[in-house]
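Residue numbers (the working numbering), protein chains in the order written: chain A, 621 to 1122; chain B, 5 to 700. Have a look at the structure below, then the notes.
Set out below in structure tokens:
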């Protein structure tokens, strides 16, 4: 059996970037086609996960292990469980769509843009595969570099401010994680995540570590109040950058909670679960109101991302209240699954929303809501997709946006009806900010003469939006396959929550 | 014979296929292709629904309850897509598909020259699919899916004419108000899962009695009864969907949509989903007297007070819309007094006669070239006799004149409320009784203004002449136009025209329009007499509806009931009929003989008129508090929270702090040797001095 599949998934896009770069600015089409081929090859390879991965087994699978830095006990060790597989598939799926989405949109140095995208894809897959904490950290940090370049080079007018803010903000967060990891290494003399998970730690140690991890991942998710980098980064990022950022990079924050905070510091995480739950609810309500008054479409969707990611952190941490408070393991699984489904769904929906905004931006070169109005008159196909994704963003049943929120709300009610009360507020405020935007952008008569000249989406854009739409509907109509894929891993994670370290 | 899954799947999916064909391939299959495909789909669903109803009632088919596929399965929690077909469901399926089929046919005529023809057919087929998923569901998850999906289609259809600012305001408003209801509904579902550990109807209802005595902790010392919390939360959902006070504000505005959907969605089917849902949940609602009282009082308030607004409306569709609000109130009252069968029975008769009234109004609107203001109508009976007669049938049914369908259902509700001893029942009784009078007032006014009296429009055959204004025969027509601030806004976008000026003589609508009217007029007459005995007083619903013996007001009424004929005759001697008669006399006098009285009454009762004309200021207050208030709050949080505190102080503040410190520290790096030498000496002194101090 071919047992280097994970390495292949990581290095294929990264090495694939080399010929793309070599194609140079003189042969942009060669660069485009090579990167598309690499992205498709990566996606096809990732489908191999589905056949090789045994979803019934909660253990890490497809393991690879090589000594990397012997003196520090750092290993290049990879392995995936159901949650990682789902996120890897999301990454490779989105990977194709951003290449296609950027096809003729990026005219300056497309080879460099495409190469950065491919490298970024490989590094993100690395994050989801790493089972060694330092390896995880390396991928986690390295990921910032291509994104830094994508925003800084192909971004909007304030790209320098945005890209610096993005970099320093997230780097600031991860420094704390590095300190935490060094402390853990000094205790355990290894960076192996499984060993760290069983390392006995006092409450004081756990508390320090918990907050170190919290800062790192809260910035990434992002959680209130460390979310302000996201709107700026999105506004300045090129469409593809926004799509990857929203669809995959934010998920790494949620993923980090699962891999670090929960297994390594379970008691501290339980003690401070209320902090995260509180901040998640603030994200839903407070950010919802802020999204309502945004004038810039990208900012609006960025804020909406913060609110939706609130369900991820809520679903993860509500599990503590359910396991340790009421010993209701099934409800905890429901909440945790909800959080996972929400991550995948948000990947599709936010990616699609940013792609839609990109489609409009390419035609009118503005993201201001007030410059639009009546777009449906000239772009009916686009309007179909836009309304579909807006509905998914509002959590309409039948779309993927509903599934995770539904599960998290149901699970929250089991812990405390008031948590469900505030979480369910998204039904109102989420629909309000999303459809208020749709009203001003899509419906109405044309007032701006430039809107009248907008052409409906072409085949390439149809492909991108159609692929997102298929994913959004498939997950919304039948989420069980995804849930089954992650079920064993989530069960094991939930069982671990009950293990006290002190 | 047992019902087969494939038949049920065909019923649900046939309209969806029609929707996809008309929606995605509308350009290829053309207009005729689109309406053929969708009508075929709905006709298949309708025919099979009749078959299912027959099998369930006469064919001896047992209740069907099966899952089709697993939606999610986590621990002992699971959600499925599946169907439960009992008598309640079968009846709803027939009502939904039958009205939908007629509306499809009607649309051929009504939307004949609309550029969005295919899109419209696609939407109404999608609606039929969603509504069927709602009523056929066997669990709460799918119910919620159907619930929200019909909301989506309603949103799309209210905003069908998306160029009109009023339409896209109304559809946003409708969606958001419904979402307020869904917010409660979802919490209710979460409560069901919490206490009953299942989302499946049958399992939940079987376990419903375990709710007794359970409480939900609200604060440290407050515990609320579990059944009450669940029922009120679920009912909040019904308040949104079925437009109950105070969440009723979206329904009148939904008249921005084309008339066929006003008939189908905003009168006959979707808005009754809340009524259906509560009847479906009767095993749970029966556990909470408090919740039922709440339901009853909300319903009674709506029945009377929204009906009153109908009296002052001049838009023909808005009169019917307020009438719908009032009738939904009646159904809700019936739910509140545990007369679930009465509510569902009224739901059915109302579906027929209200769809008829809306489609009739639409027929008038076609004849008047999309003029909806009744002040510019009058005397239409001689131009459009079929519309005129069928609308009279619908009106008499609505007023509850004995032997018409509405009589049996509405009278039963009034009497059931009279029988009930639930808290607030006397208030409810007053409301529904007075409501009967109010119903007759606005209904006869509408009929007279539209079809009788003198014509208040002129026909000008040549185009382009500015003819000033039409002749103001009726003084009040001219006056009304000034204080009716929104009447201009809800005209269809079929070209601007001056009110009261017509370019052609009004004529009867084509057969695709009149045929549905006739087909709806028939059940509006007979369905009440046919169904009253089994549905209301018999065991027709079987196990589908559960009523505690102590609450069984319909059972009490049934003891005095013999047959439809004697009940009808008895109806002529009862108070509701006298109220209708009184209203008939008043309106006949005013609108046929002495129109100036209407004006005099209006000025004499100016304060009351103002209250009604402003719809009790619900819209104005909501707009200021929720729409403006929400935006203001958002702006404050954004500028104050995100921009000022987080970014201003914390982020950029720390950045500039670093900048300043760095700026200060940079001065140390001056490059002058003597600075460094001085620093070294200072360091040495401090270091040694430090050791010396510590050493002491």
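Where a beta carbon is used, it is the ideal one built from N, C-alpha and C, also for glycine. This structure is a prediction, so every number in the text was calculated from the model and none was measured.
Measuring CA to CA, which of 839/A, 802/A, 908/A, 809/A is closest to residue 638/B?
-> Per the Cα distances, 908/A.
When you compare only the Cα positions, how much space is there between residue 2/B and residue 217/B?
-> Any answer about residue 2/B is impossible in this case: the structure gives chain B only from 5 up to 700.
According to DSSP, is residue 1066/A helix, strand or coil?
-> Assignment of residue 1066/A by DSSP, reduced to helix, strand and coil, places it in the coil class.
Between the C-alpha atoms of residue 50/B and residue 350/B, what's the straight-line distance to the nearest angstrom?
-> Annotation: residue 50/B to residue 350/B spans about 21 Å, alpha carbon to alpha carbon.
Out of 463/B, 437/B, 522/B, 520/B, point me to the one whose CA is closest to residue 508/B's CA.
-> Comparing Cα positions, the closest option is 463/B.
Does the beta carbon of residue 1034/A sit closer than 8 Å to a beta carbon anywhere in chain B?
-> Answer yes: the Cβ-Cβ gap between residue 1034/A and chain B drops below 8 Å somewhere.
Report the rounded CA-to-CA distance for residue 875/A versus residue 674/A, giving the unit in angstroms.
-> If I take the Cα positions, the gap works out to 20 Å.
Could you tell me which residues DSSP puts in a beta bridge with residue 220/B?
-> BP columns for residue 220/B point to 228/B.
Can you tell me the Cα-Cα spacing of residue 768/A and residue 672/A, whole angstroms?
-> In this structure, the straight-line span from the alpha carbon of residue 768/A to that of residue 672/A is close to 35 Å.
Assumed close pair residue 705/A, residue 669/A - CB separation to whole angstroms, cut-off 8 Å = So it is a contact: roughly 5 Å between Cβ atoms.
Residue range of the beta strand (DSSP E) that residue 81/B falls in?
-> Its beta strand (DSSP E) spans residues 81-89.
Starting from residue 694/A, trace the beta strand (DSSP E) both ways and give me its first and last residue.
-> Taken as a continuous stretch (DSSP letters only), the beta strand (DSSP E) holding residue 694/A covers 694-700.
Residue range of the beta strand (DSSP E) that residue 686/A falls in?
-> Taken as a continuous stretch (DSSP letters only), the beta strand (DSSP E) holding residue 686/A covers 681-689.
Can you tell me whether DSSP reads residue 474/B as helix, strand or coil?
-> In this prediction, residue 474/B has a pLDDT of 41, which is less than 50 and means its spatial position is unreliable; nothing more can be read from the coordinates.
Which of helix, strand or coil DSSP assigns to residue 74/B = In the structure shown, residue 74/B sits in a strand (DSSP, three-state: E or B).
Going along the chain, which unbroken runs of the alpha helix (DSSP H) with 4 or more residues stay wholly within the region 162-196 of chain B?
-> Scanning the region 162-196 of chain B from its first residue to its last, no whole alpha helix (DSSP H) run of 4-plus residues comes out.
Pull up the distance between the alpha-carbon of residue 802/A and that of residue 754/A, whole angstroms please.
-> The alpha-carbon of residue 802/A is positioned some 9 Å away from that of residue 754/A.
What's the gap between the Cα of residue 702/B and the Cα of residue 561/B?
-> The requested residue 702/B is not part of the displayed model; chain B covers only 5 to 700.
At a CB-CB cut-off below 9 Å, which residues of chain B make contact with residue 1048/A?
-> Contact note: residue 1048/A reaches chain B through 180, 183, 184, 186, 187, using a C-beta cutoff of 9 Å and chain order.
Just by C-beta distance, which residues in the region 907-938 of chain A are closer than 7 Å to chain B?
-> Against chain B - using a Cβ distance shorter than 7 Å - the residues of the region 907-938 of chain A are 909, 910, 912, 913.
Taking any Cβ of chain A, which residues in the region 71-87 of chain B have a Cβ under 8 Å from it, in chain order?
-> Listed in sequence order: 73, 74, 75, 76, 77, 78, 79, 80, 81.
Rounded separation between residue 628/B and residue 799/A - CA only = Each residue's Cα considered, the two are about 51 Å apart.
Rounded to a whole number of angstroms, what is the C-alpha to C-alpha distance between residue 79/B and residue 951/A?
-> In a straight line, the C-alpha of residue 79/B is about 8 Å away from that of residue 951/A.
Leaving out five residues before and five after residue 527/B in sequence, what residues of the same chain have Cβ atoms less than 7 Å from its Cβ?
-> Cβ-Cβ distances below 7 Å link residue 527/B to 356, 409 in the same chain, with the five nearest sequence neighbours on each side left out; the list follows chain order.
Interfacial residues, the region 162-174 of chain B to chain A, with Cβ spacing under 9 Å | Contact annotation: in the region 162-174 of chain B, residues whose CB is within less than 9 Å of a CB in chain A are 163, 166, 167, 168, 169, 171, 172, 173.
Taking the CB atoms as reference points, tell me whether residue 388/B and residue 513/B lie closer together than 8 Å.
-> At the C-beta level, residue 388/B and residue 513/B come within 8 Å of one another.
Helix or strand or just coil, what does DSSP make of residue 555/B?
-> DSSP, reduced to helix, strand and coil, places residue 555/B within a helical segment of the structure shown.
Expected contact under 8 Å - CB spacing of residue 143/B and residue 65/B to nearest Å = About 21 Å separates the two Cβ atoms, so there is no contact after all.
In the region 652-667 of chain B, which residues sit with their C-beta less than 7 Å from some C-beta in chain A, listed in chain order?
-> Identification of residues in the region 652-667 of chain B having a C-beta nearer than 7 Å to some C-beta of chain A yields 655, given in sequence order.
Any idea if residue 479/B is buried or exposed, counting beta-carbon neighbours within 10 angstroms, 16 or more meaning buried?
-> Reliability fails at residue 479/B, whose pLDDT of 39 lies under 50, so the model's placement of it is uncertain and no value is given.
Shorter than 8 Å from the beta carbon of residue 1064/A to some beta carbon of chain B?
-> Output row for residue 1064/A: interface = yes.
Residue span of the alpha helix (DSSP H) that contains residue 1124/A, given as start and end = Any answer about residue 1124/A is impossible in this case: the structure gives chain A only from 621 up to 1122.
In the region 629-647 of chain B, which residues sit with their C-beta less than 8 Å from some C-beta in chain A, listed in chain order?
-> From the region 629-647 of chain B, only 634, 635, 637, 638, 639, 641, 642, 645, 646 have a Cβ closer than 8 Å to chain A.
Where do the ends of the alpha helix (DSSP H) carrying residue 604/B lie?
-> In the DSSP assignment, residue 604/B falls within the unbroken alpha helix (DSSP H) covering 600-608.
Residues of the region 678-695 of chain A with a CB closer than 8 Å to any CB of chain B: list them in chain order, please.
-> Against chain B - using a Cβ distance shorter than 8 Å - the region 678-695 of chain A contributes no residues.
Is it true that the region 910-930 of chain A meets the region 1064-1073 of chain A, where meeting means three or more beta-carbon pairs spaced less than 8 Å apart?
-> A contact is defined here as three or more CB-CB pairs under 8 Å, and the region 910-930 of chain A fails this definition with respect to the region 1064-1073 of chain A.
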